[in-house]
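So the sequence lines, in the order shown, correspond to chains A and B. Start counting the first sequence at 137; every next residue gets the next number (the working numbering). Start counting the second sequence at 137; every next residue gets the next number (the working numbering). Each residue gets a CB set at the ideal place from its N, CA and C atoms; glycine is no exception. Small disclaimer: the values here were computed from a predicted structure and weren't measured. Here is the structure we will look at.
There are 2 protein chains.
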Amino acid sequence: MRYKAGLETRDRILASARSLIAERGLEGTTIKAICEQAGVLPGSFYNLFPSKEQAILTVVREAIDAVDPDPAHQGIDTLDELVDAYVRFLEEQPALSRVYIRIGVSGAGSSPELTGRMLRHHQGRVARFAAAMRRHSPELSEAMAERRAETLVLALNGIALHRVLDPGFDVGWHARALLDDAAAAVS
Amino acid sequence: MRYKAGLETRDRILASARSLIAERGLEGTTIKAICEQAGVLPGSFYNLFPSKEQAILTVVREAIDAVDPDPAHQGIDTLDELVDAYVRFLEEQPALSRVYIRIGVSGAGSSPELTGRMLRHHQGRVARFAAAMRRHSPELSEAMAERRAETLVLALNGIALHRVLDPGFDVGWHARALLDDAAAAVS
DNA sequence: CTCTAATTTGAATCAACGCTCAAAGAAAGT
DNA sequence: ACTTTCTTTGAGCGTTGATTCAAATTAGAG
């Protein structure tokens with residue numbers, strides 16, 4: 137393989153960027169810090185990425201994509217499964233999930249591109265949750281399901297947001313408690 | 137009055153800082169931008185604040201204090217009133233409420249002082265919501281009220297978080313929908 | 001082994017940041 | 001009017017940020 141070393145370096149840089157953005161935020165992350173953690177000098181960074189912004193955008197895309205597993209809806213169809221999948225994402229990929237939450241606030245105002253991407257992603261997520269709700273409770277009107285789904289998704293984001301502040305926060309426990317409340321409300 | 141001009145300038149600087157932090161975040165806000173918007177030069181800034189950090193901390197304190205009106209619990213005792221008060225804060229003070237949400241993510245990792253302050257504030261808020269719940273439904277166990285209160289507060293923060301991304305988002309409508317769901321779950 | 005393409009280096013550039021300070025400029029008190 | 005106190009000015013300091021590039025180094029292909 138011809139470009140092996142370069143691609144490995146690229147991965148190392150992306151990993152550093154990921155953890156630094158998770159800890160210090162989009163603007164708090166510097167090229168120097170990324171390079172130090174990756175064991176590389178700034179020159180190498182600019183051989184692999186055209187700019188800091190592009191590198192960050194790559195990590196951001198990773199994060200957004202990682203929120204929704206199985207984009208083709210394979211096997212994840214009930215509300216429980218959707219919530220569990222999100223909880224698993226939060227617990228198994230803490231760095232990426234922190235990045236995801238940070239985009240929502242840091243991206244807004246600074247990058248219209250990011251804001252648009254996040255809003256579209258949110259809409260898709262709500263639609264998926266709403267569909268799961270209607271599959272379980274067909275008597276729900278479309279509007280009602282949409283409303284409840286959005287409330288649930290926003291609440292889950294609130295839980296994820298709090299974990300950025302308190303790393304020891306038990307997201308799984310709270311997410312499931314939230315789901316119980318939602319179930320109680322429907323019945 | 138002897139220090140009139142200085143205090144007015146101080147207010148103008150704080151107002152600029154407030155709106156800039158709301159739009160661009162803690163680290164995205166520069167002294168130069170603050171001074172430009174306030175119609176003042178950097179020298180004046182440093183006559184009134186010892187550092188950028190102190191000025192920002194002042195705005196942050198404002199924001200945290202503004203979240204909870206009536207700290208002495210006067211007149212705001214039911215869950216509806218607590219939620220309404222928060223909605224009113226979000227709607228009537230959009231800049232401060234954006235600052236509040238931003239602190240949660242930007243402060244974490246960069247400033248332990250801010251993180252601690254936010255966590256303590258959150259705890260107090262949850263306790264207040266839990267007390268209101270138990271006053272309305274005395275059959276609720278303390279643990280259960282606490283859990284439901286925390287879920288509700290986090291969900292409200294999720295709603296506020298989303299409005300940072302989407303300025304047109306109707307926080308009032310969603311907050312009340314959330315409250316209805318919570319009521320349905322209890323009954 | 002050799003040659004060439006891929007990769008890393010690290011010093012240097014330029015802009016922007018937070019911050020300082022001596023001097024000039026209002027206002028208030030007498 | 002005069003003097004003292006408060007207020008603003010704006011050039012300028014040191015530091016750090018992102019970014020560039022010619023030269024040195026490494027490693028795969030023939």
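Taking 8 Å as the threshold, the shortest C-beta distance from I167(A) to chain B does not fall below it.
When CB distances to chain A are screened at a threshold of 8 Å, the residues of the region 242–266 of chain B falling below it are S242, G243, A244, G245, S246, T251, M254, L255, H258, in chain order. By alpha-carbon distance to D204(A), the top candidate from M254(A), I157(A), Y182(A), E172(A) is M254(A). Near chain A, meaning a CB-to-CB distance below 8 Å, the residues of the region 294–321 of chain B are G294, I295, L297, H298, V300, L301, D302, H310, A313, L314, D317, A318, A320, A321. When Cβ-Cβ separations below 8 Å define contact, T287(A) makes contact with chain B. Distances from the CA of R224(B) to each of V307(B), D302(B), D201(B), R197(B) were compared; the closest alpha carbon is that of V307(B). Annotation: D206(B) is outside any alpha helix (DSSP H) and is labelled neither H nor E by DSSP.
Nearest to H310(A) by alpha-carbon distance, out of V300(B), L290(B), L297(B), is L290(B). Within the same chain, and ignoring the five residues on either side of V262(B) in sequence, the residues whose Cβ sits closer than 8 Å to its Cβ are E282, A285, E286, V289. Contact annotation for I237(A) against chain B: V241 [CB-CB distance below 7 Å, chain order]. For L226(B), the closest of S246(B), G294(B), G142(B) by C-alpha to C-alpha distance is G294(B). The region 231–244 of chain A makes contact with the region 161–180 of chain A, as at least three CB pairs between them are under 8 Å.
Chain-order list of chain B residues neighbouring E163(A): G161, E163, G164, by C-beta distance under 8 Å. Between the beta-carbon of T145(B) and that of V176(B) there is about 6 Å, and that keeps the pair under the 8 Å contact cut. Residue nearest to Q210(A) within the set R138(A), M280(A), A320(A), R264(A) is R264(A) (criterion: CA-CA distance). Boundaries of the alpha helix (DSSP H) harbouring P178(B): 178–184, taken from the DSSP string. Not flagged as an interface residue toward chain A: L232(B), since no C-beta distance is shorter than 8 Å. Cβ contact annotation for K188(A) (same chain, cutoff 6 Å, sequence separation greater than five): I167, in chain order. Taking 8 Å as the cut-off, the beta carbon of A199(B) is found closer than this to the beta carbon of L232(B).
Neighbours of R283(A) across chain B, judged by C-beta separation under 7 Å: A313. Shown here, I170(A) sits in a helix according to DSSP, grouped into three states.
Within the model, the alpha-carbon separation for N183(B) versus E172(A) is close to 38 Å.
Rounded to whole angstroms, the gap between the alpha carbons of L276(A) and R148(A) is 48 Å. A distance of 8 Å or more separates the beta carbons of A153(A) and A202(A). As the crow flies, the alpha-carbon of A266(A) is around 52 Å from that of L143(B). In the three-state reduction of the DSSP assignment, F305(A) falls in the coil class. Residue environment for Y139(B): exposed (fewer than 16 other C-beta atoms within 10 angstroms of its C-beta).
Among the residues of the region 214–233 of chain B, none has a Cβ less than 7 Å away from any Cβ of chain A.
The C-beta distance from A268(B) to L218(B) rounds to 6 Å, short enough to fall under 8 Å. The Cβ-Cβ distance between A321(B) and A321(A) falls below 8 Å. Under the three-state reduction of DSSP, S246(B) is assigned to helix. Judged by DSSP secondary structure, E163(B) falls outside any alpha helix (DSSP H); it is assigned neither H nor E.
At a beta-carbon threshold of 8 Å, none of the residues of chain A lie near A153(B); the nearest stands roughly 15 Å away.
Residue environment analysis places A279(B) among the exposed positions, since fewer than 16 neighbouring C-beta atoms fall within 10 angstroms of its C-beta.
DSSP places R238(B) in the uninterrupted alpha helix (DSSP H) bounded by 230–238.
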